[in-house]
DNA sequence: TCAAAACATTGAACTAGGACAAGAATTTAG
DNA sequence: CTAAATTCTTGTCCTAGTTCAATGTTTTGA
């Protein structure tokens, strides 16, 4: 039986190879630089005020990032499950304090790079610049779409869109988090769902 | 007197060197691949349905990108003035039809790369991978912030925030475009401004 | 296994912002 | 210079979504 680390390397290697095709050597440099970590449920990987020092790939589990405004209201920025990356890229890259939280919602297993390690990776295997560019581009594209939906669509459409786009999430996260993601109140989401149910 | 092209190269070279420091040779490869173009006011650089084939740096003028929903309502995604880049990155990169419009609001002068040229640039001077990654990261960070504001802040705060962040824009673009950017109606923005005026 | 905590639903009262319409002001182009 | 087009303002009425509060349901953990 192979150790868990190598088994997880296969998963992450396959995931990144969808964006860019790497040589065996590049992958091996990458794998050597990754750190594996188990994180319990409801644990913070980052708190607002701290500098984000991980760019993490989720092997198992589910997490969220959120912003907390002055009045204490949460805005959920992202849910991440198996196969997704999670970080605060601005804070990570400029090594400045973040203003978001990253919290596990289930027990997670992650593979991550810290800031120095990522720079080392980019030096030793510069093709990863391209990979990370494509990753951020995809993220931007998703965020832009979400902005459009948030501005232009009524609550019910937003919710139906969410179900279509992320069908696995509702089973895994509390409903009021989804409301926060959609930018509506938990109560109103409940009413939207009640309306949908009787159709 | 030097030809305009070389004068504009200085401007763009200085702009990109804020992100990554390039060698003279890299800059010269870059400059040779750029195309200069004058574009009249109210001209489309991209229409929804077409594949986006420019990644443009604005040397002079002002443009906007917007999404047009099924009911004909516009959502403005970005204003761009001197020193900004404008494109639909998703469409450009995957060479698939875009669903946004890019339109000049003033007569513009731009320097741009098309898809092939950009790939050539990245081959000949791979350090540009890093530059474009940083550019997209910054864009993502701005978009995330805007999403948070859109969801969590009332109209007046959004407007004041906008004034603070982009003080030069209101002089240059019609007010109802700003309303669209903020995700509020033109009429309501007018009322917000009236309220502000009498304080 | 059961008490406490977290989550979801429902209803009633309220409000931020939208839609529409009409007029005033400003810009544009011939 | 002037007519047409675009933009901005203001008012009235309306609604999607909020807030608060009470109740029911599910999950958690000792």
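Protein chains in written order, with the working numbering: chain A, 422 to 620; chain B, 422 to 620.
Even glycine gets a Cβ: it sits at the ideal position worked out from N, Cα and C.
The beta carbons of residue 533(A) and residue 477(A) sit closer together than 8 angstroms. Interface annotation, residue 596(B): not in contact with chain A, CB-CB separation never under 8 angstroms.
In the DSSP assignment, the residues bridged to residue 525(A) are 484(A). For the region 557-582 of chain B, the set of residues with a beta-carbon nearer than 7 angstroms to any beta-carbon of chain A comprises 557, 558, 560, 561, 562, 564, 565, 567, 568, 569, 571, 572, 573, in chain order.
Ranked by Cα distance from residue 471(B), the options 433(B), 451(B), 521(B) are led by 521(B). At a Cβ-Cβ threshold of 8 angstroms, residue 508(A) and residue 475(A) count as neighbours. DSSP, read as helix, strand or coil, puts residue 443(B) in coil. DSSP places residue 455(B) outside any beta strand (DSSP E), giving it a letter other than H or E. DSSP lists 506(B), 532(B) as the bridge partner or partners of residue 478(B). Within its own chain, the residues whose Cβ lies closer than 8 angstroms to the Cβ of residue 463(A), once the five positions on either side in sequence are excluded, are 524, 525, 526, listed in chain order. For residue 591(B), the closest alpha carbon among the candidates 438(B), 610(B), 504(B) is that of 610(B). The region 588-602 of chain B and the region 487-501 of chain B touch, with three or more beta-carbon pairs separated by less than 8 angstroms.
Residue pairing by DSSP puts residue 495(B) in a beta bridge opposite 489(B).
The three-state reading of DSSP puts residue 594(B) in coil, since its state is none of H, G, I, E or B. Inter-segment contact for the region 553-561 of chain A and the region 540-556 of chain B is present: three or more beta-carbon pairs are separated by less than 8 angstroms. Contacts with chain B (Cβ-Cβ distance below 7 angstroms) from the region 487-512 of chain A involve 488, 490, 494, 496, 498, 510, 511, listed in chain order. Between residue 557(A) and residue 565(B), the C-beta gap is not smaller than 8 angstroms, which leaves the two residues out of contact. Excluding five sequence positions before and after residue 543(A), the CB atoms of its chain that fall closer than 7 angstroms to its own CB belong to 549, 550, given in chain order.
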